[in-house]
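Chains as they are written, first to last, in my numbering: chain A, 674 to 1283; chain B, 62 to 575; chain C, 0 to 355.
The structure appears right after this line, and notes come after that.
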Amino acid sequence: MKKWNRSVKVALAVATTAGLVIGVLSPATAATRSTVVIIDSNAFTSLNPSHNEHNLVLNSNVAYMSGIGFNYYDDKPVLVENKTFGSYKIVSKSPFKVKYTVNKGRIWSDGTPITGVDLLLTHVVSSDQYSIDAGLGDPASEDKEPAFDSGGYSGTYNTLIKNITLAPDRMSVVIEWKKFFPDWEVFAPGVSPVHALVAMAEGKTKLGTNANNVANKNKFLRAFLSKDTDMLRKIGKVWSNSYNVTEVNEKTNPLLLVVNGAMQVESIVKNQRVTLKLNPNYNSGPETSGIEKIVYVTIPDSTAAAQALANKEADYYSALATADSVALLNKIKGITLDGTPEATYEHVEIRSGSAPGGKEYTGPFAGMSQKAKDLRTAALLAWPRQEIIDKIVKPVNSKAVVMNSLQYFPTEPNYGKMIAANELDKFTDGTQAQRTAKALALVKKYYPDAKAGSNSVKIEVLYNTSARRASQAALAKAELSEAGFQVNLNPKSNWGALLTDSTYDVAFYAWGKSALLQTGNFSSYKSADSDSGYLNAKVDEIIGELELGNYNDDQRYSRYLAIEKLMAEDAVSLPIFLWPTLTAVNSDLKNVRPGPLVPNGLWNFWEWTY
Amino acid sequence: MFAFIMRRLGTLGVILFGSSFLLFNLAALSGDPVGELRASNEPDAEARIAAITRSLRLDLPPPVRYFIWLRGILGVFVGKFDLGQTRTSEPVAVAVFDAIPTTLRLVTTAAITAIVLGIAIGIITALRQYSRFDYSMTFFSFLLFSLPIFWVAVLLKQFMAIEFNNWLAEPTIPPTAMITIGLILGLIVAAAIGGDRKKYWRVFFITAAGTVVTLVLMLQLNWFLQPSLGPLGFFAASVGAALLITQLSVGLQHKPSLRAALCMSVLGLVSYYPVNWLFNKENQPLVIFGLLLLTIASAIAASIFFAKIDRGPVVRTAVLTGILTGLLMILDKLMRTWEPYFNTDAVNGRPVPTVGQTNSLLESDDYWISLLDVAMHLVLPTIALTAISFAGYIRFSRGTMLEVLNQDYIRTARAKGLNERTVIMRHAFRNTMIPMTTIIVVDFASILGGAIITERVFGWTGMGTLFNTAINSFDLNLLMGVFFLTASLALVANLVADLLYSVMDPRIRVGAGA
Amino acid sequence: MIFGRKRVESADSEQGSIINKETEGLSQGQIVRKKFLQHKAAMIAIFVLSSIVIFVFSALKQKIGPWTYPGWWRYGIEDLSDLTTGCKDGLVGCPTASLRPQWLGGAGIGLGEHPFGQDDIGRDYFALVMRGAQRSLMVTVIIGSIGGVIGTVVGAIAGFYRGKVDSILMRFTDFIITVPAIIIGSVIGFHFGNLGVAFLAFYLGLFAWTGLSRLVRGEFLTLREREFVDAARVAGATNRRIIFKHILPNAVGIIIVSVTLLMSGAILLETALSYLGFGVLPPDVSLGLLISQYQESFTTRPWLFWYPGIFIVTIALCINFIGDGLRDAFDPRQRRQITRKDRRDARVLKKASAHA
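Rendered as structure tokens:
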């Protein structure tokens, strides 16, 4: 009996201890979470998203987290200067020169100091002229890639920037522009670990000593200044090839992983995930607040992604949502939804002429005659934008409104002022039934027997094959037929190439923007670039001013307003809605504030915390 | 025969040339790699179009590009085999060979389960033709066969992962549900075993009651959170396996086999603790392999001890029992790994994943935890793939078995007084397997091509995903790389199937008259 | 246990006498017909499938040449109507069909305005499902017939003539096997856009016959060695006559069965292609497109997911059962199900003969 009692006691003691241990352990494990798992639909392909063929969202996001330079976009969106890293200012108006200075004491993850030399590579991978002069190949050539297979060539940088020079203290560079460029701030030089590039070009596979690194930096500088073709070609080979890794493990060359951002790639499992850990030597940007690990997992299927989130396999998922994914995610406990739209908007374009080089357009909307203008106005009046918002966008983002300015998004401060003045309000006045009646009246002017369903004006509408577009097309077709139009739907998977095709009278698709430029959303309406054949000399002239003028906000605004008024009068284009992107985040994760510009929700990852 | 094979291999080359040419040109016509960019209003769109045109050689017509690709392939004769690079500048050969293990891991378990289950059920339904069991299995298999896999996947994820994980937070089963499960299982088992009405109901009640009792016990013992067989459960299962294998291979009345098989079970019980001690050592794959060798050796020793003459069947029975017992032991170990796995940070009490190949956060050095993780990630895709593919095997093996059972030699076998077990296992089953084998070979080749949709919905990157990516991103080199492998495999498999058929069925000659 | 010997044997002898009695004095065609008509599952499947076909094709308005058939359903697939409100969870467009009578607190038994609910923009989902089912059935029939004809012809010629012809045709078959259906789908989708489902099905049919041709070839290879073919040849029959009069009737079982399998496979092929974005494109509708479009609706607006799914499964299921019935009917050695009535009749007969 006594023995039995003792064993009971022992058992009780063991059970209590076990219970305590479990009790202590389990809440502790829950509280120390410091990892964020992010779902992405693509697989990782390269550590170098500037490479011509690796300009993928996931690559760019990983690069954003592991590298930081002079500025970044926040959620307003405003270009924020990263004062921790350095500063920049205009040093001369004519010739136009900007000086970029790196603060002292900034270091790479391997401890090497960051200097102005690290900014020079930008010029090598963006200036066609430098590439040609240094014997690295002509980036515009049709059959041979340049030594640096960069996606940055032949762009604005190449056209407008004359050269880059290193200041004597080697902590600053001065960029000289050929003429004033309003959006110069966006073209801040990026920062690259040139010492690591040189080390790899020399075949090193281990991190160098500090002295080595400084020596390598000088080697790069010499090669850059003397346009040493051999050396630069070797570096180009590393830049174009070595960074394209789909796997990172203990065998990976650590030189590839030298970064200055808050996070550093720890491991990559091919086609499955990218794991980033805190960079211990990070001092180039805002301080991080508690997240120690960020893992990207690749899930291509959107339903699978939503279900993974529901099963708590991930913390962060951002995608163009459908009504159902919103409802599905809404049901999940512990998930917060954010409907901040991306800077991508749906718009309808009406052809008024032939695209540059296209065959002649003779459809009902051709030209700038009153008849063509009236018919275009009628089509835009009858385009059921409110219904599209109500049925297609609102289930995803209940705050969505019809976008009524070509330049400003409804989320921007100038939007209210603009829509009050831009005369696009004729396309929102009254109910849709009244607008459609007006449209029918306009059609009747030229086709007296027009009535609902009379099919008086035959038009071809082009769009891509997605379900969302098909729904919009169905709504538009039904409403336009009330105004006497016969709408022929052309869903095409090769719609991109057909935008210049004069066969199609109307096209609707989306435009996105990745930076805030002074030309705003108008550069595609220049007659030289317009796919829909828009030609208005005044509009051309104002766009020309915007491309090069140095304006303040008010001056810019008045020019945007002028273009919008002209285009409202010509009735060639109408915005519809901002794309309803949905970001679903584990509710425990704080400070996630998605912005409209890339990298959207990730811009302030350093502020994230549980 | 040799000449036949050489001739077939020769034509195989010609076919590959023709179909690759066709495919390359079709695929080149199927999309515009720069289509999206044409619609863009970004300032650098034109430069990017030019760069893509350059890197993909879009300035050349597709047939010319085909021959550029072919030159790389033909390099095999000068030792420079080159499948080109993907659009993300990875060598195609690397991409393809990295995808093969993933695909294999995904499809092998499912294929084996489907084949074993399908053939077993097919044969039982043939033996019980037009019984209730036959009808319900026919209906069931057609039903599964008719389901789109992504539909199945969505349902599986919802009910077997998300809801099950929620349920695990507080595992209780209401009595009504328990009784329903019992009744359903009872019906299935009773129908499968068959017999007269009395036996049918007896089996039904025993199974139903047994299920309910088991469920109650499982809940009481918190089995869903801390599952294990324990030495006794393990021994019982092992004895069951011994009896089943003996019955199927030689019949229970064959005493030496029965003794050898039971001996293996006893050996398993005796070594239960030592083996589990070994399981906690390092370098597990080696340990397991060593144990496998040991099992086989002891099985042979046992059969030599128990059988004096005609040892073949005895060895077979003992080895199979031994291996099955070993698997049971591994299963037991995995079950006991469940709890620590369940409580890791990465799993956090949600053990059934919906997506991926492994847990992206799990960092465990424990072999068993990683193994369980891999196994858990295989659960749903395997169920989905098995469900849609085993119907075919059921139908086919049922049909073949019925045909065989109607043959004269079966009648002869029965007439000479062989017992039913021998007639079915030795005569009918073997002849059923002849056509089945060729079907399995061809099927295996085609599944290596990847389960495009399954991989997509479960987030795996195997051959199917590569293929899909290649088409969607107009990556011709990648597409041709995948094609080259899968098409060659399919052609070779067809050849092998033809040869196997003629080897197994002497009535058929290959290349007859050709 | 699994091997119940006694039962099998007794059933065997009993069955033998029943079947023999039944088939006495009937031609093969009559036997097949009789056996098929007695196959319960196949009969139910035929009934269900033909009901579905009639139901689905009569529902919507469509143009047949110069005539317009009005259709008995009030909506077409392009008709937009206001979304039903007052659903659970603040959703819109839920089904109005109800089976719960008013006195039980339901909306009463009836279809309501939109029995299957509505899609996002207010189109009637019943109409969409009907159109989708029409498309899916069309795909099934087109792929089945084109694939069936090519497969049979190729297989028959290869199997009958053997030798060079056989190797050439079989290598051609191998060639077709290597071309993936998804490529065909994507090429057609890209170039011809919405030329229509029929067009897509036609091209898929051109590549879907390989399995069938191998089977038919095998059957012809065996049959041409049989005594009755030799007899016909000796009697001076032409090849043509031998193929059409002697071999084909004997191979028709396997052909029909394979074609039904091909057809039920086709409906799933269309679904898979639509899921991957290479099949039917909006604004056209197919069942596969509907369920892949609305797979996310599963937990939120389940009607969008279930209704097309149920139609796919039912159609495929019916085709499979019909094929199963045909298979059993064409197999001369196949025993059919012995009903209780048969057993009774047989016993009576036995007794009667014993008395006699």
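Each residue gets a CB set at the ideal place from its N, CA and C atoms; glycine is no exception.
At a cut-off of 4 residues, the continuous stretches assigned as alpha helix (DSSP H) that sit fully inside the region 389–471 of chain B are 428–466.
By the neighbour-count definition (other C-beta atoms within 10 Å, threshold 16), B/F142 is an exposed residue. When secondary structure is reduced to three states using DSSP, B/V157 falls in the helix class.
For the set A/I1236, A/Y1283, A/I1062, the Cα lying nearest the Cα of A/S1196 is the one of A/I1236. Interface criterion not met: the Cβ of C/L110 is under 8 Å from no Cβ in chain A.
Comparing alpha-carbon positions, the option among A/V942, A/F743, A/K852, A/L880 lying closest to A/V859 turns out to be A/F743. Annotated as distal: C/G147 and C/G121, with beta-carbon spacing of 8 Å or more. Under DSSP, B/D536 takes part in no beta bridge, so it has no partner.
For the pair C/L214 and C/G264, the Cα-to-Cα distance works out to about 16 Å.
Distance from C/A132 to C/L110 at the Cβ level is roughly 17 Å; contact not present, criterion being Cβ atoms closer than 8 Å. Secondary structure of A/P1164 (DSSP, three-state): strand.
Of the candidates A/G1193, A/S739, A/Q1191, A/E1214, A/E1214 places its Cα closest to the Cα of A/A1201. For C/Y124, the uninterrupted alpha helix (DSSP H) run begins and ends at 124–160, by DSSP.
Taking every protein chain shown into account, the CB of B/M62 has fewer than 16 other CB atoms within 10 angstroms, so this residue is exposed. Residue contact with chain B for A/S957: absent (no Cβ-Cβ distance below 8 Å to any residue of chain B). Shown here for B/R118: same chain residues with a beta carbon closer than 6 Å to its own, the five before and five after excluded, namely R126 in chain order. Looking only at C/D327, C/A315, C/S291, the smallest Cα-Cα distance to C/S49 is reached by C/A315.
Between the region 950–963 of chain A and the region 977–987 of chain A there are fewer than three inter-stretch CB-CB distances shorter than 8 Å, so the stretches are not counted as touching. Interface with chain A (8 Å Cβ-Cβ cutoff): C/D119 is included. Burial check for B/I173: the Cβ neighbour count within 10 Å stays below 16, so the residue is exposed.
The same chain holds no residue with a CB closer than 8 Å to that of B/A181 once the five nearest residues on each side in sequence are set aside. With respect to the 8 Å criterion, A/L870 and A/I908 are classified as neighbours on the basis of their beta carbons. Contact annotation for C/E77 against chain A: A1147, K1150, A1151 [CB-CB distance below 8 Å, chain order]. The Cβ atoms of B/V300 and B/T378 do not sit closer than 8 Å to each other. By DSSP's assignment, A/G759 forms a beta bridge with A/V775.
Selection B/T169, B/V95, B/A171, B/T186 evaluated against B/R148 yields B/V95 as nearest (Cα-Cα). For A/S1187, the closest alpha carbon among the candidates A/V709, A/S733, A/R706 is that of A/S733. Taken atom to atom, the span from the alpha-carbon of B/D195 to that of B/L276 is near 28 Å. Taken in chain order, the unbroken stretches of beta strand (DSSP E) that lie wholly in the region 1145–1229 of chain A and span 3 residues or more are 1158–1164, 1179–1185. Judged by their CB atoms, A/Q1191 and A/P855 are nearer to each other than the 8 Å cut-off. Relative to B/T547, the option among B/G525, B/N420, B/L466 whose CA is nearest is B/G525.
Here B/D504 is buried: its Cβ has 16 or more other Cβ atoms, across all protein chains shown, within 10 Å. Annotated as distal: B/M396 and B/P412, with beta-carbon spacing of 8 Å or more. Taking the Cα positions, B/S359 is about 60 Å away from A/W1281. In the three-state DSSP reduction, B/P124 falls in the helix class (H, G or I).
Contact between A/N885 and A/W781 is absent: CB atoms are separated by about 13 Å, not below the 8 Å threshold.
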